[in-house]
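Shown next, in structure tokens, is the structure this report addresses.
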Amino acid sequence: MTQEKVELNVRTAVRDRYSKIAETFKVGTPADCCSDVATSCCGDSEADARDEVVHLAAIKKFYNEADADTLPEEVTGLSLGCGDPVTLAALTPGQTVLDLGSGGGIDCFLAGQRVGPEGHVIGVDMTPAMLEKARANKAKIGADNVEFRLGEIEHLPVPDASIDVIISNCVINLSTDKPQVFREMYRAMRSGGKLAVSDMVTEGTLPDGLKDSLNAWAGCVSGALDVEEYISGIKQAGFVDVQIVPVYLDRDQVDDAVRQLGGEIQLGGLSKEAVYKSVFSAKITAHKPA
Ligand SMILES: C[S@@+](CC[C@H](N)C(=O)[O-])C[C@H]1O[C@@H](n2cnc3c(N)ncnc32)[C@H](O)[C@@H]1O
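Below, the structure is given as structure tokens:
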């Protein structure tokens, strides 16, 4: 299979996964509606998608409770990140912020509160069903300083040097062309601008069996870059002051992720212990030189 075909397959798997998550998400859906794959309400992949939403309720511990409480469940229930890039970004009023892979919009809405009416937040996502949710959430909240654009993070739909701060939450690992994403972030950012990203990274490379799993890629595990590669990719794009702080996930969260991947079978023989040790979320910051 050509590299182009592999990339297309991954992108399609990622878009399908997040479409299903957006389409099946319902506020107040009983958490374990689809945990039994044999039930009639979902097929396997829908169950996987719903499981991820359930899993993400747990991830809300990444957010300050007071922040999460300002948003409706339509937003917090569809939070699919692995950190809190808005707090990491230390935003100030009036800034223009770009969120790569904005999903249901949680970080855009939190960023919108920080930058205020003089500021502006743009969320970019390639999955139309996610954009639909995000735009409905914007209307519900009345977040006038937030907008959502359809687009790929490899080809950002914004002009050169137009953004003060770029945030992203658990998305860059999903890209099949991370150097292109880093170059695009650099192009879009104004001189002196800041990058604040939460993302999955690895320590060392993962075994082929796991890397080859489309499901594992779409589930934010097998596309994760080695931490050193991540740092050098960002530096190669031109960013300076690159810092990565690892935040190890607890075992329950890794167990959930492994369960979504179909257990040992799709891990290519890799033990859960190895996954606990090698895949983790990280806080990543950098600047474009002034
Ligand atoms: C794990 S979810 C994270 C969503 C959101 N950042 C959050 O924290 O809830 C990944 C999101 O990134 C989007 N996405 C994945 N790859 C993308 C790409 N190459 N370009 C644009 N969006 C992408 C998906 O559609 C999905 O909405």
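The sequence shown begins at 894 in the working numbering and counts up one residue at a time. Beta carbons are placed, not taken as given, at the ideal position from N, Cα and C, and that holds for glycine. What you are looking at is a predicted structure, and each value in this text was computed from that prediction instead of being measured.
Relative to the Cα of His1048, the nearest Cα in the group Cys1001, Cys975, Lys1071, Gly970 belongs to Lys1071. By the C-beta density criterion, Ser972 is buried, having at least 16 other C-beta atoms within 10 angstroms. In chain order, Pro1072, Phe1075, Arg1076, Met1078, Tyr1079 place their CB closer than 8 Å to the CB of Ala1130, counting only its own chain and leaving out the 5 sequence neighbours on each side.
Contact check for Ala1089 against Ile1060 passes: the beta carbons are separated by less than 8 Å. Taken in chain order, the whole beta strand (DSSP E) runs of length 3 or more contained in the segment 976 to 1021 are 989 to 993, 1013 to 1018. In the three-state scheme derived from DSSP, where H, G and I count as helix and E and B as strand, Ala1089 is classed as strand.
Here Glu1025 has Ala915 as same chain residues with Cβ atoms under 8 Å from its own Cβ, once five neighbours each way along the sequence are excluded. The secondary-structure analysis by DSSP pairs Asn1062 across a beta bridge with Ser1091.
For Glu1040, the uninterrupted beta strand (DSSP E) segment begins and ends at 1039 to 1043. The Cβ neighbour count for Thr917, taken over all protein chains shown within 10 Å, is at least 16; the residue is labelled buried. Under DSSP, Val1074 takes part in no beta bridge, so it has no partner.
For the options Gly1035, Asp1057, Thr1020, Asp977, the alpha carbon positioned closest to that of Gln988 is the one of Asp1057. For ligand 1, no non-hydrogen atom lies closer than 7 Å to the CB of Thr989.
Leaving aside the five residues that flank Tyr911 on each side, the residues in its chain whose CB is nearer than 6 Å to its CB run, in chain order, Thr1020, Met1023.
DSSP places Ala1179 inside the beta strand (DSSP E), whose first and last residues are 1172 to 1180. Per DSSP, the beta bridge partners of Leu1118 are Val1094.
Measuring C-alpha to C-alpha distances from Pro1139 to each of Asp1092, Ala1167, His1180, Glu1166 identifies Asp1092 as the nearest. Within 10 angstroms of the beta-carbon of Asp977 lie 16 or more other beta-carbons, which makes it buried.
Ile914: member of the alpha helix (DSSP H) spanning 896 to 917, first to last residue.
Burial check for Tyr956: the Cβ neighbour count within 10 Å reaches 16 or more, so the residue is buried. According to the DSSP assignment, Val1135 belongs to the beta strand (DSSP E) that extends over 1133 to 1140. Assigned with DSSP and collapsed to three states, Ser1084 falls in strand.
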